[in-house]
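In this text, residue positions in the sequence shown follow this note's numbering: the first is 1, and each later residue adds one.
The block underneath contains the structure these notes are about, expressed in structure tokens.
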Amino acid sequence: MKDHAGQSISIWMATETLPTFPTLTKNEHADVCIVGAGIAGLTTAYLLGRAGKSVVVLDDGPIVSGETERTTAHITAALDDRYFELERLHGERGARLAAESHAAAIDEIERIVAEEEINCDFERLDGYLFAPPEESAAILERELAATHRVGLTHVKIVARSPLVSFDTGPALRFPRQAQFHPVKYLAALAQAIIRDGGRIYTHTHATKIEGGDPARIETRKGPVITADAVVVATNTPVNDLLVIHT
Numbered sequence: 001m002k003d004h005a006g007q008s009i010s011i012w013m014a015t016e017t018l019p020t021f022p023t024l025t026k027n028e029h030a031d032v033c034i035v036g037a038g039i040a041g042l043t044t045a046y047l048l049g050r051a052g053k054s055v056v057v058l059d060d061g062p063i064v065s066g067e068t069e070r071t072t073a074h075i076t077a078a079l080d081d082r083y084f085e086l087e088r089l090h091g092e093r094g095a096r097l098a099a100e101s102h103a104a105a106i107d108e109i110e111r112i113v114a115e116e117e118i119n120c121d122f123e124r125l126d127g128y129l130f131a132p133p134e135e136s137a138a139i140l141e142r143e144l145a146a147t148h149r150v151g152l153t154h155v156k157i158v159a160r161s162p163l164v165s166f167d168t169g170p171a172l173r174f175p176r177q178a179q180f181h182p183v184k185y186l187a188a189l190a191q192a193i194i195r196d197g198g199r200i201y202t203h204t205h206a207t208k209i210e211g212g213d214p215a216r217i218e219t220r221k222g223p224v225i226t227a228d229a230v231v232v233a234t235n236t237p238v239n240d241l242l243v244i245h246t
């Protein structure tokens, strides 16, 4: 059985112990089956449980054992792909949806932290985007205009970021972003899922996922999950590798 999806040990992994969960040993049914127990899968399970749905979560390793436990821990609406590039690919409406969803995610995590009284070092703070040395700072002007078009009108350009180690030059300031300890947060979220009646099974590899009424999830060791709906929340989609990636 694998314990982690990578070799590196992050500071988050080294400073918090996650709860453990059993392997699936018998057939089960739920309103929703979620494949993947990173931040996307556990958040989905938590919200469904709070809404009164029965939930089963499967992961082929421990919970939070992939990219989630190695994240930067920044929760931000400043996306890796620039907003002007998202506009080119998906139009202004698509870029606006991306901005709105990421801003809403920060608010939702803040709400959950408060409601569940999770001690995970959650903190609101400004984020800064600056151009690398080999790139013209003019790209920041393009991005500033795009952020305003998609509704992030609070983003401003400043002379430099507050980093003291080096002068970044001009930067975009994204106010009220956030950071937290993701493993502390998700350890508490997993316990809340169980409290609300959810079931989490680890070291349980989903080998086949089929839609239908009911949907059917087969696992490597034999037990089958049936559900009214399936959420694939793995880092790389496993239900249709070719179509989703192309």
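All C-beta atoms in this analysis are idealised placements derived from N, C-alpha and C, irrespective of residue type, glycine included.
Q) What separation, rounded to the nearest whole angstrom, lies between the Cα atoms of MET1 and GLY61? A) Translated into positions along the sequence shown, residue 1 becomes position 1. Translated into positions along the sequence shown, residue 61 becomes position 61. Because the pLDDT of MET1 is 45, which lies under 50, any placement of that residue in the model is unreliable, and the number read from its coordinates should be weighed accordingly. Their Cα atoms are separated by approximately 7 Å.
(Q) Quick check: the Cα distance between ILE39 and ALA188, rounded to an integer number of angstroms? (A) One-based indexing of the sequence shown puts residue 39 at position 39. One-based indexing of the sequence shown puts residue 188 at position 188. Cα-Cα distance, rounded: 12 Å.
Q) When the Cβ atoms of the region 158-176 are set against those of the region 29-38, are three or more pairs found closer than 8 Å? A) no
Q: With a threshold of 16 other CB atoms inside 10 Å of the CB of ILE9, please say whether the residue is buried or exposed.
A: Locating residue 9 in the sequence shown gives position 9, counting from the first residue. Looking at its Cβ environment, which holds fewer than 16 other Cβ atoms inside 10 Å, ILE9 is exposed.
Q: Would you decide whether LYS184 is buried or exposed? Buried here means 16 or more other CB atoms lie within 10 Å of its CB.
A: Numbered from 1 along the sequence shown, position 184 holds the residue referred to as residue 184. Buried is the call here.
(Q) Just to confirm my understanding: we take GLY197, look at its own chain, exclude 5 residues before and 5 after, and list those with CB closer than 7 Å. What are they? (A) The count along the sequence shown starts at 1 and reaches residue 197 at position 197. Cβ neighbours of GLY197 beyond the five flanking positions: GLY49 and SER54.
Q) By how many angstroms is the C-alpha of VAL238 removed from the C-alpha of THR219? A) Here residue 219 is taken as the residue at index 219 of the sequence shown, counted from 1. Here residue 238 is taken as the residue at index 238 of the sequence shown, counted from 1. Cα to Cα, THR219 sits roughly 13 Å from VAL238.
Q.
Short of 6 Å in beta carbon distance, which residues of its chain neighbour ALA106, apart from the five on each side in sequence? Order them along the chain.
A. The count along the sequence shown starts at 1 and reaches residue 106 at position 106. According to the sequence as given, residue 106 is Ile; it is not Ala. Excluding residues within five positions, the ones whose Cβ falls inside 6 Å are ILE75 and ALA178.
Q: Please state whether DSSP places LYS221 in a helix, a strand or coil.
A: Counting from 1 along the sequence shown, the entry for residue 221 is found at position 221. It is coil, neither helix nor strand.
Q. What residues match up with TYR128 in a beta bridge as DSSP calls it?
A. Taking the first residue of the sequence shown as position 1, residue 128 is located at position 128. Its beta-bridge partners are ARG173.
Q: Have a look at PRO256 and GLY52 and give me their C-alpha separation to the nearest angstrom.
A: Residue 256 cannot be examined here, being either before or after the span of the chain that is shown, 1 to 246.
**Q.** Alpha-carbon to alpha-carbon, LEU24 and VAL150
**A.** Residue 150 sits at position 150 when you count from the first residue of the sequence shown. Residue 24 sits at position 24 when you count from the first residue of the sequence shown. Rounded to the nearest angstrom, the gap between the Cα atoms of VAL150 and LEU24 is 44 Å.
Q. From this set, ALA145, LEU129, ILE193 and VAL57, which residue's C-alpha is nearest ASP80's C-alpha?
A. Taking the sequence shown and counting its residues from 1, one reaches residue 80 at position 80. Cα-wise, what sits closest to ASP80 is LEU129.
Q: Buried or exposed for ILE109, please, with buried defined as at least 16 other CB atoms from any protein chain shown within 10 angstroms of its CB.
A: Taking the sequence shown and counting its residues from 1, the one referred to as residue 109 is at position 109. Buried: at least 16 other Cβ atoms inside 10 Å.
Q) Nearest-angstrom Cα distance between LEU144 and VAL155? A) On the sequence shown, position 144 is the one that residue 144 refers to. On the sequence shown, position 155 is the one that residue 155 refers to. Rounded to the nearest angstrom, the two C-alpha atoms are 7 Å apart.
Q: Taking ALA206 as the reference, give the member of ALA190, ILE194, PHE122 and VAL230 with the closest Cα.
A: One-based indexing of the sequence shown puts residue 206 at position 206. The candidate whose alpha carbon is nearest that of ALA206 is VAL230.
Q: Using only alpha-carbon positions, find the residue among GLY36, GLU210 and ASP167 that is nearest to THR236.
A: For the purposes of this step, residue 236 is taken as residue 236 along the sequence shown, with counting starting at 1. When only C-alpha atoms are compared, the closest one is GLY36.
**Q.** Element boundaries [beta strand (DSSP E), containing ALA206]
**A.** Locating residue 206 in the sequence shown gives position 206, counting from the first residue. Run containing ALA206: 206-210, per the beta strand (DSSP E) assignment.
Q | Integer-rounded CB distance, given that ALA190 should sit under 8 Å from PRO22 | A | The sequence position of residue 22 within the sequence shown is 22, counting from 1. The sequence position of residue 190 within the sequence shown is 190, counting from 1. Contact flag wrong, Cβ pair sits at about 13 Å.
Q: Could you tell me which residues DSSP pairs with CYS120 in its beta bridges?
A: As a position in the sequence shown, residue 120 is number 120, starting the count at 1. None; CYS120 has no bridge partner.
Q: Have a look at the DSSP bridge pairing and note the partners of VAL55.
A: Within the sequence shown, the letter at position 55 stands for residue 55. Looking at the DSSP assignment, VAL55 forms a beta bridge with VAL32.
Q. With DSSP run on the structure shown, which of helix, strand or coil describes VAL113?
A. To locate residue 113, count along the sequence shown from 1; it is residue 113. Helix.
(Q) To the nearest angstrom, how far is the alpha carbon of ARG96 from that of ALA78? (A) Indexing the sequence shown from 1 puts residue 96 at position 96. Indexing the sequence shown from 1 puts residue 78 at position 78. One C-alpha to the other measures close to 12 Å.
Q: Locate the alpha helix (DSSP H) running through LYS26, then write down its first and last residues.
A: The sequence position of residue 26 within the sequence shown is 26, counting from 1. Counting along the chain, LYS26 falls outside any alpha helix (DSSP H), and DSSP gives it neither H nor E.
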